[in-house]
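The numbering used here applies: residue 58 is where the sequence shown begins, and numbers increase by one.
We treat Cβ as the ideally placed atom computed from N, Cα and C, and that holds for glycine.
Please read the structure below before turning to the comments.
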Amino acid sequence: MIPVVEEDLCTGCGRCLEVCPPRAIYLEGERAKIEEEFCEECGLCASHCPQGAITIPWPHYVPHSERIVP
58 MIPVVEEDLC
68 TGCGRCLEVC
78 PPRAIYLEGE
88 RAKIEEEFCE
98 ECGLCASHCP
108 QGAITIPWPH
118 YVPHSERIVP
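Below, the structure is given as C-alpha coordinates:
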(Lines of atoms letter the chains of each structure in order from A and count residues from 1; the text may use other names and numbers.)
(Lines give C-alpha, C1' and ligand atoms only; values in the text may rest on other atoms or scores of the structure.)
Protein backbone atom coordinates (compact mmCIF):
# COMPACT_ATOMS: atom_id res chain seq x y z
CA MET A 1 0.00 0.00 0.00
CA ILE A 2 1.16 3.51 -0.76
CA PRO A 3 2.26 5.43 2.36
CA VAL A 4 0.19 8.41 3.49
CA VAL A 5 1.70 11.66 4.78
CA GLU A 6 -0.19 13.25 7.68
CA GLU A 7 0.48 16.86 6.69
CA ASP A 8 -0.31 18.26 10.13
CA LEU A 9 2.50 16.11 11.63
CA CYS A 10 5.11 16.52 8.87
CA THR A 11 7.80 19.07 9.72
CA GLY A 12 9.64 18.84 6.39
CA CYS A 13 12.81 17.44 7.97
CA GLY A 14 13.62 15.45 4.83
CA ARG A 15 14.54 12.18 6.54
CA CYS A 16 12.05 10.28 4.36
CA LEU A 17 13.69 11.71 1.22
CA GLU A 18 17.07 10.40 2.37
CA VAL A 19 15.89 6.80 2.85
CA CYS A 20 13.54 6.42 -0.14
CA PRO A 21 15.27 4.05 -2.62
CA PRO A 22 13.42 5.21 -5.78
CA ARG A 23 13.41 8.87 -4.66
CA ALA A 24 9.62 8.95 -4.83
CA ILE A 25 9.33 11.63 -2.13
CA TYR A 26 9.80 15.37 -2.53
CA LEU A 27 9.11 18.43 -0.43
CA GLU A 28 6.34 20.80 -1.44
CA GLY A 29 6.74 23.82 0.76
CA GLU A 30 7.61 22.28 4.10
CA ARG A 31 5.65 19.04 3.65
CA ALA A 32 6.63 15.69 2.18
CA LYS A 33 4.72 14.46 -0.85
CA ILE A 34 4.86 10.94 -2.31
CA GLU A 35 4.79 10.30 -6.05
CA GLU A 36 2.69 7.14 -6.12
CA GLU A 37 3.86 5.99 -9.55
CA PHE A 38 7.46 5.73 -8.31
CA CYS A 39 6.79 4.38 -4.80
CA GLU A 40 7.98 0.78 -4.27
CA GLU A 41 5.86 0.44 -1.11
CA CYS A 42 8.89 -0.60 0.97
CA GLY A 43 7.83 1.35 4.08
CA LEU A 44 11.26 2.83 4.80
CA CYS A 45 9.86 6.35 4.83
CA ALA A 46 7.33 5.46 7.51
CA SER A 47 9.83 3.60 9.67
CA HIS A 48 12.35 6.48 9.56
CA CYS A 49 9.98 9.42 10.06
CA PRO A 50 10.87 10.93 13.46
CA GLN A 51 7.45 12.62 13.71
CA GLY A 52 5.39 9.55 12.83
CA ALA A 53 3.86 11.58 10.00
CA ILE A 54 4.00 8.78 7.43
CA THR A 55 1.78 5.75 7.82
CA ILE A 56 1.06 2.66 5.78
CA PRO A 57 -2.69 2.03 5.41
CA TRP A 58 -2.58 -1.74 5.82
CA PRO A 59 -5.80 -3.56 4.90
CA HIS A 60 -8.09 -4.21 7.84
CA TYR A 61 -7.34 -7.59 9.37
CA VAL A 62 -10.33 -9.75 10.25
CA PRO A 63 -9.51 -12.55 12.69
CA HIS A 64 -10.31 -16.03 11.43
CA SER A 65 -12.91 -16.51 14.17
CA GLU A 66 -14.87 -13.50 12.88
CA ARG A 67 -14.89 -14.42 9.21
CA ILE A 68 -18.12 -15.49 7.60
CA VAL A 69 -17.66 -18.45 5.31
CA PRO A 70 -20.61 -19.55 3.14
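Taking the alpha carbon of residue i as the point to measure from, which residue in the options has its own alpha carbon closest?
i	options	result
residue 64	109, 125, 116	109
Is it right to say residue i is buried, meaning 16 or more other beta carbons lie within 10 angstroms of its own, or is it exposed?
i	result
residue 59	exposed
In chain order, what residues of the same chain have a beta carbon less than 6 Å from the beta carbon of residue i, not counting five sequence neighbours either side?
i	result
residue 67	88, 89, 110
residue 96	59, 81
residue 92	81
residue 76	101, 105
To which residues of the same chain is residue i closer than 7 Å at the C-beta, ignoring the five residues directly before and after it?
i	result
residue 103	60, 111, 112, 113
residue 72	105, 106, 107
residue 99	78
Where DSSP assigns a beta bridge to residue i, which residues make up the other side?
i	result
residue 111	62
In chain order, which alpha helix (DSSP H) runs of at least 4 residues are fully inside the stretch 64–108?
72–76, 101–105
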